[in-house]
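Quick mapping for you: the protein sequence lines, in order, are chains R and V.
Note that UniProt numbering has the first sequence beginning at 1, numbered continuously upward.
Note that UniProt numbering has the second sequence beginning at 1, numbered continuously upward.
Even glycine gets a Cβ: it sits at the ideal position worked out from N, Cα and C.
Everything numeric in this text was worked out from a predicted model, so none of it was measured.
2 protein chains.
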Amino acid sequence: MVQLDDLDRAILKLLKQDARLTISELAERLNRPESTIHFRIKKLIEKGVIDRYTIILGEPLKPKSVVAVYIETEIPVIEDFLEKYINHITKTLSMLPNVLAVARSGRNGIIALIGGETEEQIEKFVDDTIRTLPSLRKVEVFPFTNIVKGEDVIGFLVDV
Amino acid sequence: MVQLDDLDRAILKLLKQDARLTISELAERLNRPESTIHFRIKKLIEKGVIDRYTIILGEPLKPKSVVAVYIETEIPVIEDFLEKYINHITKTLSMLPNVLAVARSGRNGIIALIGGETEEQIEKFVDDTIRTLPSLRKVEVFPFTNIVKGEDVIGFLVDV
DNA sequence: TATGAAAGACATCATGT
DNA sequence: ACATGATGTCTTTCATA
């Protein structure tokens, strides 16, 4: 187990907001010496608490419209078919640039996050690429009308 | 409209993988002078293509189990009630630390991403906190059995 | 817009309290 | 955990093409 104190948490919170804050800026805001901040961050990285640094892309590259899609396949008699078929679908979806994220859900379900320029374009994508897949039991589409928490997850996920 | 060339895209791709790459490292990998890389990044930030820099948290802080929940309310006679009620639910959910993301979906739907230590703990949370809400027409739970694309979205969303 | 060079700011490390 | 100083590296700026 990893134990974090208030200082660790304060550093993490600030870096989440802006990972380009310099050690001296962090030191000043948190009223601690630079050497301490440097040491803490080093430890946080070593312990894997900080996994990596990244950038969030902004409006110009973000899809204007996003939906979540739940796909459920029929369950075939031979279990091995199911596994291979689900894997095939997830891999195919993963390669498409407007598919932001893909997860398996249970034994015969898939959830995908899909972005596009308009709702219509996404609907077309769902109709052409997903609903045409054979042996589906269910396709549910949940539009993202307004993201209330975690809004910049889209800029995080979008491909360049 | 923002036009990106190959160099811009290459910089963005590298920074997405590791935002701590120095300008000199980027310059070396892309065979361009440091001043050029510096200039491009400055422009990308000005244009809003790069929104901000952040950290992704690692295993120690990530919930081991994640589900998506779709909530749909009844539609009351008075439209204004619906709006206020939905807003109330989304705001309440947003404040909870194990609720990773919340979005409105259509007029009377909400999608939430929920993390926890075990599936059972999440089930309990859903039963206690969500299913007890009045006037719900539907609550659907989609477990994330295995994330295939966008895996580190969890470490991106998790609260510190 | 791209580049090269120079100046200043910064992270990093060792040592000691 | 904190302080200090030495070192090398990086960012930033500016003049120029």
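| Check | Outcome |
| --- | --- |
| How many Å lie between Gly-116/V and Arg-104/R at the Cα? | 18 Å |
| With 8 Å set as the bound, which would you pick, yes or no: does the beta-carbon of Lys-64/R sit closer than that to a beta-carbon of chain V? | no |
| Please check the pair Lys-42/R and Val-2/R, which I expect to be a contact at CB under 8 Å, by giving their CB distance rounded to whole angstroms. | Wrong, their Cβ atoms sit about 14 Å apart, outside the cutoff. |
| Pull up the DSSP beta-bridge partners for Tyr-53/V, would you. | Ile-55/R |
| At least one CB of chain R closer than 8 Å to the CB of Phe-125/V: is that the case? | no |
| Measuring CB to CB, does Tyr-53/V end up less than 8 Å from Arg-20/R? | yes |
| Tell me the rounded alpha-carbon separation between Pro-80/V and Val-148/R. | Sequence inspection shows Asp at residue 80/V; the Pro mentioned does not correspond to that position. Roughly 19 Å separates the two Cα atoms. |
| DSSP three-state call for Asn-87/V: helix, strand or coil? | helix |
| Would you mind telling me which residues of chain R sit closer than 7 Å to Thr-118/V, beta carbon to beta carbon, in chain order? | Residues of chain R passing the Cβ test: none, with the nearest at roughly 16 Å. |
| Is any beta-carbon of chain V found at less than 8 Å from that of Tyr-85/R? | no |
| Any Cβ of chain V within less than 8 Å of the Cβ of Val-131/R? | Checking the sequence shown, residue 131/R turns out to be Arg, not Val. No, its Cβ sits nowhere closer than 8 Å to a Cβ of chain V. |
| Pull up the CB-CB distance for Ala-101/V and Gly-155/R, whole angstroms please, since I reckon it's below 8 Å. | Rounded, the Cβ-Cβ distance is 13 Å, inconsistent with contact. |
| Between Arg-40/V and chain R, is the shortest Cβ-Cβ distance under 8 Å, so that the two count as touching? | no |
| Short of 6 Å in beta carbon distance, which residues of its chain neighbour Asp-152/V, apart from the five on each side in sequence? Order them along the chain. | Ile-56 |
| Which one of Glu-34/R, Met-95/R, Glu-119/R and Lys-84/R has the shortest CA to CA distance from Gly-109/R? | Lys-84/R |
| Between Leu-93/R, Asp-51/R and Leu-7/R, which lies nearest to Arg-40/R when the distance is taken from Cα to Cα? | Leu-7/R |
| CA-CA distance, Thr-90/V and Asp-5/R? | 30 Å |
| Give the straight-line distance between the Cα atoms of Gln-17/V and Lys-138/R, rounded to the nearest whole angstrom. | 35 Å |
| Please say whether Gly-106/R and Thr-118/V have beta carbons closer to each other than 8 Å? | no |
| Using a Cβ-Cβ cut-off of less than 7 Å, give me the residues of the segment 47-79 of chain V that come near chain R, in sequence order. | Lys-47, Gly-48, Val-49, Ile-50, Asp-51, Arg-52, Tyr-53, Thr-54, Ile-55, Ile-56, Leu-57, Gly-58, Glu-59, Pro-60, Leu-61, Ala-68 and Tyr-70 |
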